[in-house]
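Chains as they are written, first to last, in this note's numbering: chain A, 12 to 414; chain B, -16 to 307. Backbone N, C-alpha and C define an ideal beta-carbon position, used for all residues, glycine too. First up is the structure itself, then whatever we jot down about it.
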Ligand code: SF4
Ligand code: SF4
């Protein structure tokens, strides 16, 4: 084991390989508040990559309902139990913007739990059986209700559920990669995408076992494992539609609820993904305590119980929800970029517009400016331009009721 | 017989230069718990010698255990003690404590018969939680002398000390019994529906469609032997130079047959004494080499390093042919 820095945990942790970050890391932000669970993302992925024989149970992208849903069933509860040492707490008194923006996690990661338990493998885990993969919609739209006779009101609903959109996190410290005794799994230096070499894999299912998010899947037909490939031909700009520019994945581009923005996490503070994650801290990692430093980030749902959300997204939840409910001028502008283009945005620029609205939200002043936000592509050229206020078109009365 | 084992070397170099973790990857692993520190005993071969006895096998009509097993009657077997693999991560095994090995040859082909007890037959690996029963024989490549002074790891060899492995798999045997030579997913899930059928022998096979989406056949498109239909054999021919380096050979030369009865596996693995492949072990009459072995118990979720191994090389010698 070596010591590597995991900024989600705000500390160093043990990992079998040295720290080696890609120059820019494949990453995405999902705004849970807007997802309608239409599963268009799920089908976009399915129809691109997993419609073939032996892949019937595979949903590289899936959307499940919390708290009861899970694909594979109860994957998170089972993994949380494996790392539970009774003291999985966070120390949040001191923070460092760069090294420990959420504070310091004091419990065990999947790697540390394995070392402590002396189980002679790199991470704790389990292999979900075929029946656990079988019903991806199990628990869908089932609400949890503590006080069934009470009406729900913000900030926390007493009767609640929310959707969580899941795909491989292309982790910085992948559990799957650590687990593979053959080094058949590799993380690309150029974009941090994690892939299983289909020739080198021998179907040992150690990745299925030790990925805490359960995103590598075994294919009985080929006797080897497969996983999300982050639509790498699109990321490489191979799709003619974006004229050689990197393009967002299928699941991102298809999102009907416009909840998704995909790009790369890098050092540029004007990269919308980097800004929302590292600077604004509006988007948070899923189960950071697993220790893999996952790269899909979530804007937490504002109505769900905070304790549940803190367990799921770490201690940054309260700040993120406060910020989401009363968005700043810049935040609103950057969030306007969600789903405006499928060309990956590397940098944003804001042109200030007039103030159009002012109000008070939860006792806080809120002002709306109709700023224009411009997205620049890999080559620095403008790829999208939009305004905070959606343009309104008024139909000519003679076309009323016509299609 | 000093060779350059170019495939393995090239592979190693490629891994070092292109993997993002670079050499650091190996450095980190060397300090990993349990990977180092083999005992002296591991470098001392066992005393008992396995003689590959000359037997005139003739031309067997069927290469199956029933036909072949009688030829082993006069061969003297060795009992190989097995234990849990406890060095390289992930560790495991320990459910099979010994196996008996007998060997014969007819001047052209060497046959190794391995028997061990296993209360469960696991001859399929289609469901995610199912693992196969398997056995492997391992030989050092080239002419080597194994002594405590000349370390040659009995656990998959070492860098610059390559081995040739013959890996028999129970599910490959099941595959062979199927027309098209691969148990399809329906074998496990008989009532399933599928839109695309990759099995060229199925009634719904649509060649144009399947070949147009070849990339979606994963391991099969990548030419992974494990994923191929019509392998025509139950034994995989491999090389290794230490943990994690197992590599399928481009040229497959080994085959085998098996029988599971009353909680006992009998597996016969055979190959011609001499092959043209520089990555294969060669058997010379009167010559002495070594072998080692491992057994996987699928019922215990054994696979890869989770296995029952012998931690000692066993000398093996080929009896001279008694030409009449
Ligand atoms: S989410 Fe799982 S499969 Fe994806 S990189 Fe992380 S550990 Fe590997
Ligand atoms: S397409 Fe978008 S809105 Fe629909 S389920 Fe997927 S993430 Fe949610």
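Taking Cβ-Cβ distances shorter than 8 angstroms, what residues in chain A pair up with residue i?
i                      : result
residue 229 of chain B : 193, 213
residue 288 of chain B : 192
Applying a beta-carbon distance threshold of less than 9 angstroms, which residues of chain A neighbour residue i?
i                      : result
residue 285 of chain B : Those do not exist, as residue 285 of chain B stays about 10 angstroms from chain A at its closest Cβ, beyond 9 angstroms.
residue 277 of chain B : Ordered by position in chain A, no residue passes the 9 angstroms Cβ test against residue 277 of chain B, which lies about 14 angstroms from the chain.
residue 119 of chain B : Those do not exist, as residue 119 of chain B stays about 13 angstroms from chain A at its closest Cβ, beyond 9 angstroms.
residue 105 of chain B : Within 9 angstroms Cβ-Cβ: nothing; residue 105 of chain B doesn't reach chain A, min ~14 angstroms.
In three-state terms, what does DSSP make of residue i?
i                      : result
residue 24 of chain A  : strand
residue 406 of chain A : coil
residue 322 of chain A : helix
residue 147 of chain B : strand
residue 12 of chain A  : coil
residue 90 of chain A  : helix
residue 54 of chain B  : helix
residue 341 of chain B : As displayed, chain B neither begins before -16 nor continues past 307, which places residue 341 of chain B out of reach and without an answer.
residue 299 of chain A : helix
residue 254 of chain B : strand
residue 44 of chain A  : helix
residue 293 of chain A : coil
residue 171 of chain B : helix
residue 186 of chain A : helix
residue 81 of chain B  : strand
residue 317 of chain A : helix
residue 122 of chain A : helix
residue 233 of chain B : coil
residue 210 of chain B : helix
residue 32 of chain A  : coil
residue 110 of chain A : coil
residue 331 of chain A : helix
residue 177 of chain B : coil
residue 133 of chain A : coil
residue 164 of chain A : coil
residue 101 of chain A : strand
residue 155 of chain A : strand
So which residues of chain B does residue i contact, with C-beta pairs closer than 8 angstroms?
i                      : result
residue 133 of chain A : 72, 73
residue 219 of chain A : 111
residue 210 of chain A : 202, 205, 206, 207
List the residues that DSSP assigns as beta-bridge partners of residue i.
i                      : result
residue 198 of chain A : A/205
residue 386 of chain A : A/359, A/395
residue 298 of chain B : B/273
residue 377 of chain A : A/370
residue 88 of chain B  : B/37, B/93
residue 328 of chain B : Examination of residue 328 of chain B is not possible in this model, given that chain B is present from -16 through 307 alone.
residue 136 of chain B : Its beta-bridge partners do not exist; DSSP assigns none.
residue 67 of chain B  : B/291
residue 122 of chain B : B/147
For a contact meaning CB atoms closer than 7 angstroms, what does residue i contact in chain A?
i                      : result
residue 209 of chain B : 213, 214, 234, 235
residue 109 of chain B : 231
residue 203 of chain B : 233
residue 171 of chain B : 231
Using a Cβ cut-off of 7 angstroms, pull out every chain B residue sitting near residue i, in sequence order please.
i                      : result
residue 186 of chain A : Chain B residues near residue 186 of chain A: none, gap ~13 angstroms exceeds 7 angstroms.
residue 141 of chain A : 110, 111, 112
residue 67 of chain A  : 175, 177
Residues of chain B with a CB under 9 angstroms from the CB of residue i: which are they?
i                      : result
residue 225 of chain A : Correct list: empty, because the minimum Cβ distance to chain B is about 11 angstroms.
residue 400 of chain A : The contacting residues do not exist; residue 400 of chain A stays about 43 angstroms from chain B at best.
residue 247 of chain A : Per Cβ cutoff of 9 angstroms: no residues; residue 247 of chain A is ~15 angstroms from chain B at best.
residue 138 of chain A : 111, 112, 284
Length-filtered (4 minimum) alpha helix (DSSP H) runs lying within the region 220 to 284 of chain A: 243 to 246, 261 to 264
Complete beta strand (DSSP E) runs within the region 46 to 86 of chain A (minimum length 3 residues, chain order): 73 to 77
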